[in-house]
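Have a look at the structure below, then the notes.
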Amino acid sequence: MKRRNLIKSLSILPFTGALAARASSIHKTITPALTAAPKRDLFKELGVTPVINASVTMTFLSGSLMLPEVLEAINSTSHDFANMYELQDKVGGKIAEMLHVEAAMVTSGAACAMVLGTAACITGTDAEKIKMLPNHPGPRPEVIMQKTHRYLFDQAVSTTGAKIIEVEDADEMAKAINSNTVMALFFNAADKSSITHEDFLKVAKAKNIPTFLDAAADVPPVENLFKFQKMGFDLVTFSGGKMMRGPQSAGLLFGRKDLITAARLNHSPHEAPIGRPMKVNKEEMFGMYAALKSYLDRDHKKEWADWLLRAKTIGTKLEALPTVKTETVIDPGPANNFPSLFVRWDPNKIRTKPKDVLVALKNGTPSIVANDKGDALIVGVVLLREDQIAVVGNRVKEILQQALTA
Ligand SMILES: *Cc1c(COP(=O)(O)O)cnc(C)c1O
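All letters in the sequence shown, in the order written, are residues -20 to -1, 1 to 386 by mature numbering (1 follows the signal peptide of the UniProt record, and there is no 0).
Set out below in structure tokens:
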């Protein structure tokens, strides 16, 4: 290509500053890359530190990385408008079919699902009640929970104006149910349950009280996406942005049709109900659907084997150091039920503590977030990109090596 032609072809490209700068050095370096627009790095542009997540999915750390098929769903649907009622109908209908439930909807995360599920149990389809929430007239609606199930996220329930009533066994639960009771909430990943899933359902059903199960972080295993509706829970939620790798700001609420209908009346695109500030955009709805489909279609055995191999790869690398012992530990769940690598060493030989290694990992380049427990450094493997497995292994090794006594 003659120089004049090249300059002409450049002039039809979007003329960004960076390109202009490159074009000015055109006499010296003419490379094929020159004709492509320079890749914009927004992390760099804004000075945001990219982080490698060698831990578990955490909201503060942006949840998980969306899969290519999710990004594809987002990008490919961003060029046309859609009626949001119709979109939620169709996406929800398809998700319900996939999960063998009457109805489903995409929410802005599991916490939103908890607000909407509770609101649905309070208001039903009553437009007046929907309008008043969270200032429900008369006595406060009551939601039953086991005392051992109380957790940070139950604030999503009280956001609706409902009061949480704590119970400790099935008898107490039966006695606590009265005309103000609207729902019974089960926190699936609680450390302790004084009432089993079965007894909880039995008591609630006998008194005709809707049951809601929060299983936000409880895949894998994939079977959990089907288990609790089969058991008899009326509403179930999962986060979209954890191990399902959908948009971080999306989640699933599914179960009984009348309750999903009521939940939707409490949500955007309606103008003003309690869920209006928890809007889900069009692309996230398509993205959540794509993420669920991809998750259900995945070879979960193969994925699990890959996680074990990752742990082994990093473990073998670290065990080359004196006294370092590694162990692949599988979190029994229900939340975060997957393998991680536990790393231990003799602190007399390698003079550092897991806590100090965490700081060094975080402050290094690239910044890596890992975990610790007692005398062990915990290296998470399930959220690493393929190319990050070696990076994390090398970096941990380097830090331990620096603390090695002669
Ligand atoms: C993560 C989580 C939530 C909140 O889910 P989001 O999708 O982030 O809104 C609620 N409950 C439990 C048990 C969780 O782990």
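Every residue, glycine too, gets a C-beta built ideally from N, C-alpha and C.
Since the structure is predicted, the reported quantities are computational estimates derived from the model, not experimental observations.
(request) Give me the Cα-Cα distance between asparagine 168 and glycine 313, rounded to the nearest whole angstrom. (result) As a first step, residue 168 must be located in the sequence shown, where it is residue number 188. As a first step, residue 313 must be located in the sequence shown, where it is residue number 333. Each residue's alpha carbon lies about 10 Å from the other.
(request) Rounded to whole angstroms, what's the CA-CA distance from leucine 45 to threonine 308? Just pull it up for me. (result) In the sequence shown, residue 45 corresponds to position 65, counting from 1. In the sequence shown, residue 308 corresponds to position 328, counting from 1. Those two C-alpha atoms are separated by around 23 Å.
(request) Take valine 162 and list the residues in its own chain whose beta-carbon comes closer than 8 Å to its own, dropping the five residues that flank it on each side. (result) In the sequence shown, residue 162 corresponds to position 182, counting from 1. Closer than 8 Å at Cβ, skipping near neighbours: Thr98, Cys101, Ile102, Pro121, Glu122, Val123, Ala142, Ile189 and Pro190.
(message) Between the alpha carbons of isoleucine 379 and valine 339, how many angstroms are there, rounded?
(response) Taking the sequence shown and counting its residues from 1, one reaches residue 379 at position 399. Taking the sequence shown and counting its residues from 1, one reaches residue 339 at position 359. Distance between the alpha carbons of isoleucine 379 and valine 339 is about 10 Å.
(request) Only counting runs of 3 or more residues, tell me where the beta strand (DSSP E) segments fall wholly within the segment 305 to 351, in order along the chain. (result) Listed in chain order, they are 305 to 310, 319 to 324 and 347 to 349.
(request) Quick one: using the 10 Å Cβ neighbour count with 16 as the cut-off for buried, is leucine 215 buried or exposed? (result) As a first step, residue 215 must be located in the sequence shown, where it is residue number 235. By the 10 Å Cβ count, leucine 215 comes out buried.
(message) Distance check for histidine 116 and lysine 207, CA to CA, integer angstroms please.
(response) Here residue 207 refers to the residue found at position 227 when the sequence shown is read from its first residue. Here residue 116 refers to the residue found at position 136 when the sequence shown is read from its first residue. In a straight line, the C-alpha of lysine 207 is about 33 Å away from that of histidine 116.
(message) Using 8 Å as the threshold, is the C-beta distance between isoleucine 175 and alanine 150 below it?
(response) For the purposes of this step, residue 175 is taken as residue 195 along the sequence shown, with counting starting at 1. For the purposes of this step, residue 150 is taken as residue 170 along the sequence shown, with counting starting at 1. Their beta carbons are under 8 Å apart, which means isoleucine 175 touches alanine 150 by this criterion.
(request) Starting from glycine 235, trace the alpha helix (DSSP H) both ways and give me its first and last residue. (result) Residue 235 sits at position 255 when you count from the first residue of the sequence shown. Element bounds for glycine 235: not the alpha helix (DSSP H) but the beta strand (DSSP E), 231 to 235.
(message) Just to confirm my understanding: we take leucine 363, look at its own chain, exclude 5 residues before and 5 after, and list those with CB closer than 8 Å. What are they?
(response) On the sequence shown, residue 363 is found 383 positions in, with the first residue counted as 1. Excluding residues up to 5 positions away in sequence, Asn33, Ala34, Ser35, Val36, Thr37, Ser44 and Leu45 lie with their Cβ nearer than 8 Å to the Cβ of leucine 363 in the same chain.
(request) Please state if the CB of alanine 90 and the CB of aspartate 179 are separated by a distance shorter than 8 Å. (result) Taking the sequence shown and counting its residues from 1, one reaches residue 179 at position 199. Taking the sequence shown and counting its residues from 1, one reaches residue 90 at position 110. Inclusion of aspartate 179 and alanine 90 in the CB contact set at 8 Å is not warranted, their separation being larger than that value.
(request) Please classify leucine 199: is it buried, with 16 or more other beta-carbons within 10 angstroms of its beta-carbon, or exposed? (result) In the sequence shown, residue 199 corresponds to position 219, counting from 1. It is valine, not leucine, that sits at residue 199 in the sequence shown. Under a 10 Å Cβ-count criterion, valine 199 is classified as buried, with 16 or more other Cβ atoms of the shown protein chains found around its own Cβ.
(request) Keeping to the same chain, check which residues put their C-beta closer than 7 Å to that of lysine 297; ignore five residues upstream and five downstream. (result) Mapped onto the sequence shown, residue 297 falls at position 317. Correct list, in chain order: Gly373 and Lys377.
(request) Could you tell me the distance, in whole angstroms, from the CA atom of aspartate 352 to the CA atom of aspartate 311? (result) Start at 1 with the first residue of the sequence shown, and residue 352 comes out as number 372. Start at 1 with the first residue of the sequence shown, and residue 311 comes out as number 331. A straight line joining the alpha-carbon of aspartate 352 with that of aspartate 311 spans about 14 Å.
(message) So the candidates are Asp106, Asp286, Ala386 and Ile254; which of them puts its Cα closest to the Cα of leucine 301?
(response) One-based indexing of the sequence shown puts residue 301 at position 321. Checked all of Asp106, Asp286, Ala386 and Ile254; the closest Cα to leucine 301 is Ala386.
(request) Could you say which of Tyr65, Ile369 and Phe192 lies nearest to glycine 295 if we only look at CA atoms? (result) In the sequence shown, the residue the question calls residue 295 occupies position 315. Of Tyr65, Ile369 and Phe192, the residue nearest in Cα terms is Ile369.
(request) Alpha carbon to alpha carbon, how far is leucine 233 from valine 81? Give it in angstroms, no decimals. (result) To locate residue 81, count along the sequence shown from 1; it is residue 101. To locate residue 233, count along the sequence shown from 1; it is residue 253. Between valine 81 and leucine 233, the C-alpha separation is close to 11 Å.
(message) Which same chain residues end up closer than 7 Å to isoleucine 75 when comparing Cβ atoms and leaving out the 5 residues on each side of it in sequence?
(response) Here residue 75 corresponds to residue number 95 of the sequence shown, with the count starting at 1. Cβ within range, chain order: Ala84, Leu232, Phe234, Tyr269 and Leu272.
(message) For threonine 98, report the span of its alpha helix (DSSP H) as first-last.
(response) Stepping through the sequence shown from its first residue, residue 98 is reached at position 118. Taken as a continuous stretch (DSSP letters only), the alpha helix (DSSP H) holding threonine 98 covers 90 to 103.
(request) Check whether the segment 208 to 228 touches the segment 47 to 65, counting contact only when three or more Cβ pairs, one atom from each stretch, lie closer than 8 Å. (result) Contact between the segment 208 to 228 and the segment 47 to 65 is present, because at least three Cβ pairs lie under 8 Å.
(request) Pick helix, strand or coil for isoleucine 124, following the three-state DSSP scheme. (result) Here residue 124 corresponds to residue number 144 of the sequence shown, with the count starting at 1. The answer is strand: DSSP assigns isoleucine 124 an E or B state.
(request) Please work out which residues of its chain come closer than 7 Å, Cβ to Cβ, to valine 359, disregarding the five sequence neighbours upstream and downstream, and give them in chain order. (result) Position 379 of the sequence shown, counted from the start, is the residue given in the question as residue 359. Only Ala34, Ile294, Ser320, Leu321, Val323, Ala350, Val372 and Val376 meet the Cβ criterion.
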